[in-house]
Every structure is written in C-alpha cells, then in structure tokens.
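K.L.:
My structure is below; once you've seen it, I'll send some questions.
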DNA sequence: CTTAAAAGTTAACGTCATTTATTTATGGAT
DNA sequence: ATCCATAAATAAATGACGTTAACTTTTAAG
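Protein chains in written order, with the UniProt record's numbering: chain A, 1 to 210; chain B, 1 to 210.
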C-alpha cells in the first residue's frame, strides 16, 4: 500500500512531536530511533521527512514544545499567586523544578541540547523562553515593590535566580542514585536557601509583607 | 602489517583520552567517530577495544580526566588564596567558570553526560568531584570563621553556591550567539551578584575582614 | 627453535539516518 | 463518470559508525 485513506488524517507533524516526547521520556535518552517514532505515529520513517527536514528538526520542535509546556505551568502559578509576588518566586521555582524532575530528558534537551541541533541561543531568546524569563522578572519587580531586594538591579538578580534554580535542577537531575523524593528534597532545599537569602533583604524593610 | 614494533610503545589508553579531548574540543561535540580518534592516536578503530570496553568507556575516562583537570585548577587557586578564604570563593568561582568556558564540550560531558554513559551519579560522588566540592566547603567554612554567613548550614550553602555557579556557566555555555568575552562577562556577573549577597551577611559583623 | 599469548589489522555485520525510485489515493478539469 | 497531475507514503538502496569475528605478526618463554 502507499498513501493511506483520508480517514486517518492525523497530522503527523504534531503526533510525531507528541510521541517522541513520550518515547524519549520512557527511554530516558533523546537518542531514539526514527523508526520507533514512526511506528508510534503509525507510519514509516521516511514519511517523517515530509514534515521535518531531518531528525534534528524533530528534536528542535520537541524542544520548543517543552518551552511551551514549561511556560504554561509557570503562567498558571503566576496567575494563582498574583496577589503574592514573593510567594510566586518560591512557588514558581517549585513548579519549575517539578517540571524538570518530572520531564528530565525533555528538560535536558531544552537546556543542554546536543550541538548537532544547532540551537546556539539562550533559552530565553526563543519566544516561550523569553516569556518564562519575563514571568520571573515580573515576580522580582513586584517583590521589589513590596520591599524586597531594595535598589537591586533586577535583570542581574533574575539571571542569578534562574542560574541557581537551573543549576540545582541540573545537578540533581542526572543522579540515578537518588530516588525521586530525594531529588526533589535536594532541589527544593537549594531553592529555599536562595529564598531565605532574598527574604533577608526585605526583613527590616517596612514594606515587606512577611 | 599486524602488531607494531616495540619502539612506538605509546600507551594507547592515555593517548586515546588525550586525543579525544582535543577532537571533542575542536569539533564542539562529543559525538566523534571512533575512527578519527584511532587515526589521531595512530592505530585503527578496533585496536581501541583492547583498552576500552566500548566507546562509552572512552568517554567516561575522558570525563574523569576532566574532573582531574578541574580539581587541579581549583586546588592551585585555593593554594594561592590560602590567606583569604572569602577571596577564594570569588577567585575559585572565576577559575571554575573559566575552565568551563575554555572547555565547553568537556564541561558538558562532565555535567550533562548522555545517559548512554551510565554515569548516573552526582558529580561529587566521584573522587575528584568530591574533592572539588570539598574545596568549596572549606572556603565557606573559613569564610564563616571570619564572620560571613553567620550561623548558616554550610553544606546547604555549598550546594546553593555550586548550583548558582554551575547554572550560570551552564546557561551561558551553549550560547553561540555570544562571543567568548560576552559569555565570560555574563557568567562573572552572576558570580559577582552571588558574592555580593554573601558579602552582605558579613558586612555588619566585626569579624569580617572586608 | 618452537610455540603460545599479546596486540594489532583487515574484513564482516548490524543499526540507523537519509535519499531515491515507485506506488497510490485525491481532487479538479473535461 | 473518467482522466490526469499532484501530494503523500512506501519500499528499497546508500552510507556512516560502532562493534565483533577471523586472521597475522611480534614478542617472550621454555
């Protein structure tokens, strides 16, 4: 047989990304054979080339989808914590860490992509990456309005903040010797340590809520 | 020809690691063909299997050598700064960042190894990794003796410290859009921000030197 | 000398990514 | 209704690599 019936008109592009994310997750490695992706989608490997220039393009699409999902998660927390910006800094970081620990391989693809992919940019230079950073900067700004980090350069603080959270996640992610709970505890502990340092800056400030 | 003369008794094991580090560096990717490694060493690909179980074993050896070199660098700085522990925290971090930015691919292999390698441990669970962490913890401890971070849990601070520096390095490393100077400036800025937060903890403390 | 182990080499195999050549449904024009 | 050009897959072919198998030759011991 060649071209299948119109019945199964299921956009291969989207399904490929979706299935690849699953396969990559269960395999724990983004080095997944294209034939397996094709099989999961329900087509043959060369068929994928009609939707992606090559395997790298598929992985890049998957990476973008990762930033999409991360943004969705963080945006939801931001919405929920609208009235408590300092609390958002903590809860947003928790959510970020949880996303990373729940999707370790996807997270690695997002932040440590193999050079093959040719994505030689900051995570925040993509649209969704930028929006994730914007959420953080906004949280910092509103926290500052309430007395934390008085006089601090927010972009500078933001990059340090992200560095710390990303670093903690990144260091704990690979460790197969830790069970999920231990990874989470260790990561949260770093976040808490960071939050405490920031909390101190607002402690003696009359504006700080806590 | 088969077995070469005893004259060229050049330990293939070490040379392979050495040459792989070079190749990986100039290629910007640790996905280097085994035949190229062999050629650089001066033998054929299958010959490498007499010294490494497989390609992963070679990469693991290379990773260990990376931790070796990182430790050497940090130990030298520690030695030089023996009288100024707080200064060591900064200079040691600078040295760490410089090592990472100078050896981006090796650093990625050390801290974001492909799961294939099966190194599912903390960086600091290897001997040299542990020693790098020990240098940091020692710097923190002596800084605390001089009035910084009063009452703080040092292991906790240490992990946050490493997370921040590693995170900053890690985020800036991939960015091919930045020239080396810009990467260095951005990374150093994060380190400086962190150091300033720590400096504050000692500012009003009579013991703190600065 | 003989010979067995050591250490390579060449040749062969298997797994993938990717390309080429074919096949067949689809939708509009006659 | 029928025919045809195009779109979209498929099957078969290619090529790069990691790895293993089957020889070959140096080395060192008896």
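Glycine included, each C-beta is placed from N, C-alpha and C at the ideal position. Since the structure is predicted, the reported quantities are computational estimates derived from the model, not experimental observations.
Does DSSP put residue 178 of chain B in a helix, a strand or coil?
P.N.:
coil
K.L.:
Closest to residue 15 of chain A by C-alpha separation, out of A:158, A:29, A:37 and A:28, would be which residue?
P.N.:
A:37
K.L.:
Hey, out of A:26, A:111, A:145 and A:152, whose CA is closest to residue 70 of chain A's CA?
P.N.:
A:111
K.L.:
Quick check on the burial criterion: 16 or more other C-beta atoms within 10 angstroms. Buried or exposed for residue 182 of chain B?
P.N.:
exposed
K.L.:
Give the straight-line distance between the Cα atoms of residue 164 of chain A and residue 90 of chain A, rounded to the nearest whole angstrom.
P.N.:
13 Å
K.L.:
When the Cα of residue 80 of chain B is compared with those of B:198, B:177 and B:139, which residue comes out closest?
P.N.:
B:139
K.L.:
Is the Cβ of residue 212 of chain A closer than 8 Å to any Cβ of chain B?
P.N.:
Within the shown structure, residues of chain A are numbered from 1 to 210, placing residue 212 of chain A beyond reach of any answer.
K.L.:
Measure from the C-beta of residue 168 of chain B to each C-beta in chain A and report whether the shortest distance is under 8 Å.
P.N.:
yes
K.L.:
With a Cβ-Cβ cutoff of 8 Å, do residue 135 of chain B and residue 78 of chain B count as a contact?
P.N.:
yes
K.L.:
Return helix, strand or coil for residue 273 of chain A, following the three-state DSSP convention.
P.N.:
Given that chain A is displayed from residue 1 to residue 210, the structure contains no residue 273 of chain A and the question cannot be resolved.
K.L.:
Residue 197 of chain A: buried (16+ other C-beta within 10 angstroms of its C-beta) or exposed?
P.N.:
buried
K.L.:
Within 8 Å (strictly less), CB to CB, does residue 29 of chain A reach chain B?
P.N.:
yes
K.L.:
Within this structure, are the beta carbons of residue 34 of chain A and residue 47 of chain A separated by less than 8 Å?
P.N.:
no
K.L.:
Hey, is residue 210 of chain B's beta-carbon within less than 8 Å of any beta-carbon in chain A?
P.N.:
Note that residue 210 of chain B has pLDDT 47, beneath the 50 cutoff, so the model's placement of it is unreliable and the number below is only indicative. Answer no: the Cβ-Cβ gap between residue 210 of chain B and chain A never drops below 8 Å.
K.L.:
Could you list the residues in the region 117-137 of chain A with a C-beta less than 8 Å from some C-beta on chain B, going in chain order?
P.N.:
119, 120, 121, 122, 123 and 125
K.L.:
Could you give the DSSP three-state label for residue 7 of chain A: helix, strand or coil?
P.N.:
Reliability fails at residue 7 of chain A, whose pLDDT of 47 lies under 50, so the model's placement of it is uncertain and the value that follows must be treated cautiously. Three-state result, residue 7 of chain A: helix.
K.L.:
Just to check my reading of the structure: residue 113 of chain A and residue 29 of chain B have Cβ atoms closer than 8 Å, yes? What is that Cβ distance to the nearest angstrom?
P.N.:
With 8 Å as the limit, residue 113 of chain A and residue 29 of chain B do not qualify as a contact, their Cβ atoms being about 11 Å apart.
K.L.:
How is the alpha helix (DSSP H) around residue 94 of chain A delimited, first residue to last?
P.N.:
Looking at the DSSP string, the run of the alpha helix (DSSP H) that includes residue 94 of chain A is 85-102.
K.L.:
Cα-Cα, which of A:116, A:172, A:63 and A:40 is closest to residue 24 of chain B?
P.N.:
A:116
K.L.:
Roughly how many whole angstroms lie between the Cα atoms of residue 97 of chain A and residue 39 of chain B?
P.N.:
Looking at the backbone, the Cα of residue 97 of chain A and that of residue 39 of chain B are separated by about 44 Å.
K.L.:
Using a 10 Å radius around the Cβ and a threshold of 16 neighbouring Cβ atoms, would you call residue 54 of chain B buried or exposed?
P.N.:
exposed
K.L.:
Which residues in chain A have a C-beta closer than 9 Å to the C-beta of residue 189 of chain B? List them in chain order.
P.N.:
156, 159 and 160
K.L.:
Is residue 192 of chain A helix, strand or coil by DSSP?
P.N.:
helix
K.L.:
Which one of A:82, A:121 and A:158 has the shortest CA to CA distance from residue 190 of chain B?
P.N.:
A:158
K.L.:
Can you tell me which of A:20, A:87 and A:42 puts its alpha carbon nearest to the alpha carbon of residue 56 of chain A?
P.N.:
A:20
K.L.:
List the endpoints of the continuous alpha helix (DSSP H) containing residue 46 of chain B.
P.N.:
Counting along the chain, the alpha helix (DSSP H) containing residue 46 of chain B begins and ends at 45-48.
K.L.:
Among A:180, A:188, A:13 and A:146, which residue has its Cα nearest to the Cα of residue 199 of chain A?
P.N.:
A:146
K.L.:
Let me see if you follow: with CB-CB separation under 8 Å, is residue 1 of chain B close to chain A or not?
P.N.:
In this prediction, residue 1 of chain B has a pLDDT of 49, which is less than 50 and means its spatial position is unreliable; nothing more can be read from the coordinates.
K.L.:
Looking only at its chain, what residues have a beta carbon closer than 6 Å to the beta carbon of residue 194 of chain B, apart from the 5 residues adjacent to it on each side?
P.N.:
164
K.L.:
Residue 52 of chain A and residue 58 of chain A - do their beta-carbons sit closer together than 8 Å?
P.N.:
yes
K.L.:
Ends of the alpha helix (DSSP H) at residue 67 of chain A?
P.N.:
55-80
K.L.:
I'd like to know whether the C-beta of residue 90 of chain A is nearer than 8 Å to at least one C-beta of chain B.
P.N.:
no
K.L.:
Taking only beta-carbon atoms, is residue 20 of chain A less than 8 Å away from chain B?
P.N.:
no
K.L.:
For residue 180 of chain A, is the classification buried or exposed, using 16 other Cβ atoms within 10 angstroms of its Cβ as the cut-off for buried?
P.N.:
exposed
K.L.:
In whole angstroms, what is the alpha-carbon distance linking residue 160 of chain A and residue 168 of chain B?
P.N.:
Annotation: residue 160 of chain A to residue 168 of chain B spans about 7 Å, alpha carbon to alpha carbon.
K.L.:
Quick check on residue 152 of chain A: buried or exposed, where buried means 16 or more other Cβ atoms within 10 Å of its Cβ?
P.N.:
Buried, by the Cβ-count rule.
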